[in-house]
Structures are given as structure tokens and as C-alpha cells.
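So this is what it looks like as C-alpha cells:
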């Protein structure tokens, strides 16, 4: 396969998902509840795409996703307030800070040849530290009480369009999700994807054929951390209020890891499908089985892990391929079958 060519089938699938998600709010337009659910789905899917880059492609299990997202969320607000500029200008700055932290973690881990377990332990400790900073720096973050997140004003678009700012924010985040999916497809099918695959299989062998293991791991760590920081600001804006608990390990990291595994690790649409399944299950349980939400949610996840161990997207892809093969095989078999009478009738008369 040409590493520089983007597969049209994957881009087509991304386009289909983009259209479906673009049409999803139309039947419930004006319902703040359903618009919030869809926005949450898109945010979680973006987090999962970032994790798919760093963990799915290079086996670097970042367990401080919430902390990186918090840096993006808090950093965007604090820089905007202190400098007096729009949050649209400060969000890439805060995301860059998060990206540099991810770069440093990947560089140290690659240099020290940390295994996936050691990386997860290191980043989990960083997550704890960052959570304590968000709570302890009360003068800056508001501590455990937080503050309203009134940034990314979209009134200039929402007013003339006659819609609420929430739905405009949804489409902005959807555009960002589509861009991230295209970025993922490009990464995987470029020289970076080839290097990632070689590193994932055997770092020593990859280094022996000239692949700079440290460089490629650092690139994956920076890109993923930058995305976490970038999405973290929109995550806070979607909630309209920023709290340290919103960026905790259980709130972000566990959820995103489950979403990616359920959808399918190292697949383009796994983050979106996984986010749709997990968010839908959560909302159904909240409205129907409130008191039994946690145990039922756990049982459903166990079921998904047992019967979709490689993820829902790969399993469905295999089933579709088998079905097409069976249909093609049966048609070929039917075409090849001819009876003696049919053969005789087809022979020209002398």
C-alpha cells in the first residue's frame, strides 16, 4: 500500500459519519437536553481519537487525559482574562502547553524505555498532581467551586441564524472532530503510520532499520496531548461551568479508555462508535434505572468486552466481509452450475 495515499473508503466513512452527526440535531432542534447529549458525544469521541493516536498507535497509555484537558480548559480562560483577548486566540496557546507536557512525558518514557505499564503509572501520578493543583490553586481556578465558563462567544453566528449558541457550538465541535478523524487517517497512512506500526511490533527491530523510536513517540505524544488540551476548552464551554471534578481520572480517563476499547482500538471510526454506544447506555440508564445505573453499566461493559473483544467496529467489519464473501461465493457457484440439459440446449444444432 502506498503510505502517502489516503484510502478513499476510510474517507468515505468519515464523510458518512459527518453527515449523520450533522443531521442528528435537526429532529430535536431547540431541545437543550438532547443538544447537550450530542455535544457530549462529540467531545468524548475527540478525546478517544487523541488516545487512539498515542496509545493505539505507539502503546503509550496516557492516564492523565483529564489533567491535559484541564490545562487546556483552565489555561484558555486564565490567559484570556489576564491578557484581555478572545478565548479563540488563547485556546491554541493553552493546547500548546498541554502538548509540550505530553512531549516531555513521551521523551522521558522513550529515552528510559518505559513499558506501557510504567507509562500508565507515571501519567496516573501526573493526573493526581494536576487534579490537586486545580483544586489547590483557588485564587486562579476557583478551587472546588469553579467558575462559569463564558468563553467562545458565538452570538454573532447564532443571532442571525436564529438558533441557540449551544447548537452552533455543537457544529463547531463536529467540524473539529471531522478534522481530527481526517488527521488520524493521514497519520496512519503516511510514513508516520508505518513507523508507528514498526515501533508497536518491536522497538528494537524498528531502531535497527533506522526508525528513530524516540522521535516518533514524541510526535505521537505531542499531537495527542495538544488535542486533549484543545478539546478540554470546548469540554468546559459545553458544560458552561468549569470544575476540577470534571477533569478527574474517573470522569475523563476511565470513560475515554472504555469508549476506545468498546469502539475498536486502532480503527478510524472506533472512537465515534464507542462514544455513541457508551453515551447512549449512560443516558438510558440515567433516565430508566437511576438507582441501578452503575452495576447495570458495568454488566453491559463486561458483555461488550466478552463478545466484542477487538471492538465493535472490527467485529462488524468482519461480519460484513463474511456476508459479502458468502453472497459473492454463492453467486459464483450458481453461475458455474449448469445441468446436462442446459449444456445440450446451448450446443448449436448441426
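Residue numbers (this note's numbering): 323 to 672.
Ideal Cβ positions, reconstructed from N, Cα and C, are used throughout, including at glycine.
None of the values given here were measured: they were computed from a predicted structure.
- When the alpha-carbon of residue 598 is set against those of 335, 590, 362 and 355, the nearest one is in 362.
- In this structure the stretch 412 to 425 lies against the stretch 389 to 396, because at least three pairs of beta carbons, one per stretch, are closer than 8 Å.
- When Cβ pairs closer than 8 Å are counted between the two stretches, the stretch 579 to 599 is seen not to touch the stretch 432 to 442, the count staying below three.
- As the crow flies, the alpha-carbon of residue 412 is around 23 Å from that of residue 574.
- At least 8 Å separates the beta-carbon of residue 506 from that of residue 606.
- Of 488, 396 and 384, the smallest CA-CA separation from residue 464 is found for 396.
- Here residue 502 has 368, 371, 372 and 549 as same chain residues with Cβ atoms under 8 Å from its own Cβ, once five neighbours each way along the sequence are excluded.
- In its chain, beyond the 5 residues on either side, 356 have a beta carbon closer than 6 Å to the beta carbon of residue 350.
- Below 8 Å, too few C-beta pairs join the stretch 445 to 465 and the stretch 534 to 552 to call them touching: fewer than three.
- In the same chain as residue 366, and ignoring 5 residues on each side of it, the C-beta atoms closer than 7 Å to its own belong to 577, 578, 581, 597 and 601, in chain order.
- In this structure, the CA atom of residue 643 is about 12 Å from the CA atom of residue 635.
- Segment contact: the stretch 470 to 478 against the stretch 558 to 574, three or more CB-CB distances shorter than 8 Å; contact assigned.
- The alpha helix (DSSP H) runs of length 4 or more contained entirely in the stretch 445 to 477 are, from start to end of the chain, 460 to 463.
- The Cβ neighbour count for residue 588, taken over all protein chains shown within 10 Å, is at least 16; the residue is labelled buried.
- Taking a contact as a CB-CB distance under 8 Å, the pair residue 518 and residue 379 counts as one, their CB atoms being some 4 Å apart.
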